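In our numbering, the protein residues as written are 24 to 168.
Here's what the structure looks like:
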């Protein structure tokens with residue numbers, strides 16, 4: 024029985040030692056002492072249950088979620104059915120490419136888009152040359168008073 028009392032006594036001494044170690048003090052001479060005091064005082068109270076937001080009341084019920092999932096499954100199946108009815112086989116790829124090339128060449132092209140690769144590289148090089156930073160300004164250290 025005394026061993027149990029001894030263990031309880033040691034545990035209580037350990038707890039009081041921890042409580043004393045957690046009690047931090049601020050140096051009153053510190054220039055930050057007033058700010059630290061205001062910050063600690065502002066956060067001293069625990070939040071109240073009234074301060075927490077209320078639970079959402081507009082959440083969907085499980086039945087509504089299941090209905091939405093089934094609706095998406097049905098519309099997905101309908102989209103798959105429509106896609107399966109499309110003739111995806113291209114019987115004349117060269118003719119298709121010629122038609123597309125003809126349609127593209129009929130549209131006027133801006134001069135900026137008609138540049139060659141060499142012109143684009145030359146422009147990029149000129150822009151890189153202009154983007155070089157100026158040399159640093161020499162700065163002497165400030166004289167000490």
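For each residue, glycine too, the CB sits at the ideal point set by N, CA and C. Predicted model only: the values in this text are computed from it and were never measured.
Requested in this report: Write down every uninterrupted run of the alpha helix (DSSP H) in the segment 97-147 whose length is 4 residues or greater and which is fully enclosed by it, in chain order.
Outcome: 116-128
Query raised in the report: Do you know how far the Cα of residue 107 is from the Cα of residue 134?
Result: 43 Å
**Report entry** residue 49 vs residue 56 beta-carbon contact at 8 Å
**Finding:** yes
**Report entry** Unbroken alpha helix (DSSP H) run spanning residue 167, endpoints
**Finding:** Run containing residue 167: none; DSSP gives neither H nor E here.
Query - Simplified DSSP state of residue 49, which is helix, strand or coil - result: coil
Query raised in the report: When DSSP labels each residue in this structure, what does residue 74 get in the three-state scheme?
Result: helix
**Report entry** For residue 110 and residue 116, the rounded distance between their alpha carbons
**Finding:** 14 Å
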